[in-house]
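Chains as they are written, first to last, in the numbering used here: chain Y, 189 to 583; chain V, 13 to 179. First up is the structure itself, then whatever we jot down about it.
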Amino acid sequence: MNFFVLSLIKAAVVAFVLMTTLAYLQWIERKVIAHIQLRVGPRRVGPHGLLQPLADVIKLLTKEDMLPSHVNKIFYFLAPFIAVFFALIAISVIPFGTEISIGPIKTAMQLADLNIGVLFILGLSGMGVYGVALAGWASNNKYALLGGLRSSAQMISYELPMAMAIAAPLLMLNTLSFRQLVDAQAGYYFGFVPRWTIFQGPFPQIFSFLLFLVAAFAETNRVPFDLPEAENELVAGFHTEYSSMKFASFFMAEYANMVTVSCVATLLFLGGWHPIFPAEYGSKFVPTVIFLIGGLISIYHGLNPARAFDRITLPIAGIVFIAVGAAFLIPIVATILLPLFWFAAKAGVILFLYIWVRGTMPRFRYDQLMRFAWTFMFPIAVVNLFVTGLLVALT
Amino acid sequence: MEDVILFLFFAAFTVGCAVNLVLQKHPISSALSLVGVMGALGLIYLQLGGEFIAMAQLIVYAGAIMVLFIFVIMLLNAGVEKGKTRNLWVKYAGLPLLVALIGLIAYIVQNVLPRGPGVNFGAFQHGNAYEIGIKLFETYLLPFEVTSVLILVAIVGAIVLAQKEIK
């Protein structure tokens with residue numbers, strides 16, 4: 189098939205999935221944090237609040253779009269565009285799975301296989317700062333300006349340890365293309381320890397992984413590094429003056445950045461779509477078992493309902509779960525779904541970590557944040573890079 | 013063909029941003045135009061086959077350095093530049109002289125400079141990270157190290173100038 193048409197179709201699919209993920213990530217976040225705090229979270233709109241994201245989108249779209257009188261109009265409008273553009277475009281170089289063939293068409297589960305994919309992501313994350321910084325400045329508001337300044341200083345500071353943490357596994361795997369990075373992590377030591385970068389010799393990249401995670405929290409302005417929007421000091425930080433869909437753009441950019449960072453961590457450190465243990469020990473049945481357990485639990489709760497409504501919704505959810513689990517047993521479907529499952533599972537664990545940390549950790553003070561970056565993370569990242577380089581050179 | 017169209021687009025964008033950089037009165041607008049220039053230059057490098065240089069341009073210049081510029085402009089809260097009273101020379105001879113200069117450059121490029129083989133988009137195959145690394149750390153190791161020492165000197169100089177006098 190025509191390369192152009194195929195790319196358009198793939199782009200449409202990826203965009204749709206990404207947008208849905210972003211909307212439901214927020215639902216998951218609210219639910220998880222609610223359960224951490226012994227609440228139930230959203231559950232008014234749809235069964236168990238499942239239509240809440242849709243309601244939020246409609247609310248944000250139809251809200252009045254305020255234009256404060258003292259803003260610099262061009263940059264005020266430009267800032268959310270920049271933020272959301274650089275956040276969404278990063279997904280284009282992320283591979284989600286192996287090459288698949290549907291009938292005569294062979295294609296990779298990836299929009300663009302750049303041989304400088306890792307650098308591309310780094311470049312985009314550097315450009316993404318402008319959205320936040322400009323929003324803060326153009327709003328002509330003290331709190332927003334402080335938020336923007338904090339954000340640019342924080343992102344520049346944490347970009348250094350992050351880039352160094354990324355460089356260490358690249359030294360070992362010897363490529364910059366995401367697809368080749370994942371291919372280099374295939375296989376198992378002693379038949380069961382996966383050759384992911386965090387386990388791979390000569391120097392398991394566990395320190396790089398931790399450094400990358402911490403720096404990624406700071407780069408995406410998430411708790412405990414969400415100083416740019418610290419509400420007890422700065423009202424809402426850089427997006428104080430934004431309302432309606434422009435506010436939603438910043439929100440969407442933040443969540444898209446979270447997704448990208450989780451995908452990058454999965455690809456660089458956790459072996460992408462390679463299963464956690466080899467197929468001969470039955471790793472291809474893991475998704476079936478998980479979905480089966482999930483389905484059985486929801487059917488059980490549907491038969492013993494806590495609320496009258498659950499009698500209908502939970503058995504339906506259970507049947508859907510079991511059907512998805514059964515789909516993993518069909519060989520043709522499984523070749524497509526299995527890599528996707530492992531990729532999504534690993535990225536999902538990191539996304540859950542984001543939410544978990546948000547429900548647990550207090551916010552840093554600004555001087556602590558900066559001192560942490562420059563006097564703790566940066567030296568460790570340098571030492572880690574040197575040790576990795578030395579060991580790679582020796583072997 | 014697409015290459016030429018894309019090149020013309022990026023080139024026009026670069027020149028447009030560069031002109032805008034000079035014309036804008038507000039420092040932030042100028043700085044952002046410079047970001048546009050850097051970014052579009054990076055894309056032109058990419059078109060010519062220098063993929064590593066393109067990304068380095070994007071990360072280092074458009075990303076890191078320009079963010080610092082904008083950070084400083086925001087921190088100092090620099091306002092709109094006041095229009096200075098221009099003298100008669102600038103007012104009347106400025107534009108003709110500019111046209112004359114561009115014409116002169118075009119003439120020299122066209123007639124005096126030796127003709128190269130011309131540009132083929134994507135023909136340059138040595139722009140990947142591996143080959144740049146080999147060149148940088150084997151052939152040109154000394155210039156590379158000297159440059160880094162030079163930057164270190166600049167950083168030390170900046171700290172010395174910025175620190176308070178110790179009595």
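Ideal Cβ placement from N, Cα and C applies to all residues, glycine included.
Asked: Secondary structure, beta strand (DSSP E): runs of 3+ residues fully inside the stretch 288-343 of chain Y; Found: 293-296
Asked: Opposing strand residues paired with Y/PRO382 [DSSP bridges]; Found: Y/TYR376
Asked: Which listed residue (V/ILE82, V/GLY62 and V/LEU18) has its alpha carbon closest to that of V/PRO39; Found: V/ILE82
Asked: Spatial distance of V/GLY130 from Y/ILE279 (CA atoms); Found: 36 Å
Asked: Span separating the alpha-carbon of Y/THR476 from that of Y/VAL512; Found: 8 Å
Asked: Span of the alpha helix (DSSP H), counted from its first residue to its last, around Y/ASP371; Found: 366-371
Asked: Exposed unless 16 or more other CB atoms sit within 10 angstroms - verdict on Y/ASP414; Found: buried
Asked: Assumed close pair Y/GLU407, Y/VAL452 - CB separation to whole angstroms, cut-off 8 Å; Found: At roughly 11 Å, the Cβ-Cβ gap does not stay under 8 Å, so Y/GLU407 and Y/VAL452 are not in contact.
Asked: Rounded straight-line distance, which links the Cα of Y/LEU206 to that of Y/THR523; Found: 22 Å
Asked: Chain V within 8 Å of Y/ASN303, Cβ atoms only; Found: yes
Asked: Separation of Y/GLY319 from Y/SER471, as counted between CA atoms; Found: 43 Å
Asked: Euclidean distance between Cα positions of Y/PHE574 and V/PRO155; Found: 22 Å
Asked: Spatial distance of Y/LEU422 from Y/PRO412 (CA atoms); Found: 15 Å
Asked: Presumed contact (8 Å Cβ cut-off) between V/MET86 and V/MET50, rounded CB distance; Found: Not a contact, Cβ separation roughly 19 Å.
Asked: CA nearest to the CA of V/ASN140, picked from Y/THR363, Y/GLN298 and Y/ILE262; Found: Y/THR363
Asked: Residues within the stretch 335-349 of chain Y neighbouring chain V, beta-carbon criterion of under 8 Å; Found: GLY336, LEU337, SER340, ALA341, MET343, ILE344 and GLU347
Asked: Chain V contact residues for Y/ALA321, given Cβ-Cβ distances below 9 Å; Found: VAL79, ILE82, PHE83 and MET86
Asked: Contact with chain Y by V/ASN32, beta-carbon distance below 8 Å; Found: no
Asked: Assigned exposure category for Y/PHE564 - 16 Cβ within 10 Å defines buried; Found: exposed
Asked: Between the CA atoms of Y/ASN420 and V/PHE25 - distance to the nearest angstrom; Found: 42 Å
Asked: Partner residues on chain V for Y/VAL317, Cβ-Cβ distance less than 8 Å; Found: GLY75 and VAL79
Asked: Chain-ordered chain V contacts of Y/GLY314 [CB-CB under 8 Å]; Found: LEU70, ILE71, ALA74, GLY75, ALA76 and VAL79
Asked: Sequence-distant residues of the same chain with beta carbon closer than 8 Å to Y/PHE552, five excluded per side; Found: PRO412, PHE413, LEU415 and PHE560
Asked: Proximal residues, the stretch 539-560 of chain Y versus chain V, C-beta separation under 9 Å; Found: none
Asked: Burial state of V/GLU63, where buried means 16 or more other Cβ atoms lie within 10 Å; Found: buried
Asked: Residue-level contact to chain V via CB, Y/LEU364, 8 Å cutoff; Found: yes
Asked: Boundaries of the alpha helix (DSSP H) in which Y/TRP530 is found, first to last residue; Found: 519-548
Asked: Beta-carbon spacing of Y/TRP562, Y/HIS462 below 8 Å; Found: no
Asked: Interface partners of Y/GLY425 on chain V, CB under 7 Å; Found: Neighbours of Y/GLY425 on chain V: none; closest Cβ ~14 Å, over 7 Å.
Asked: Under 9 Å by beta carbon: chain V residues contacting Y/PHE308; Found: MET67 and LEU70
Asked: 7 Å Cβ cut-off: residues of chain Y touching V/GLU150; Found: Near V/GLU150 there are no residues of chain Y at all, since even the closest Cβ is about 14 Å away, more than 7 Å.
Asked: Residues of its chain near Y/ILE510, where Cβ-Cβ distance is below 7 Å and the 5 sequence neighbours each way are ignored; Found: PHE479, LEU480 and GLY483
Asked: Unbroken stretches of the alpha helix (DSSP H), 4 residues or longer, contained in the stretch 76-112 of chain V; Found: 78-88
Asked: Any chain C beta carbon closer than 8 Å to V/ASN140; Found: Given the protein chain composition of this structure (Y and V), no chain C is represented.
Asked: Assigned secondary structure, Y/PHE192 (DSSP; H/G/I helix, E/B strand, else coil); Found: helix
Asked: Extent of the continuous alpha helix (DSSP H) to which V/ALA166 belongs; Found: 153-174
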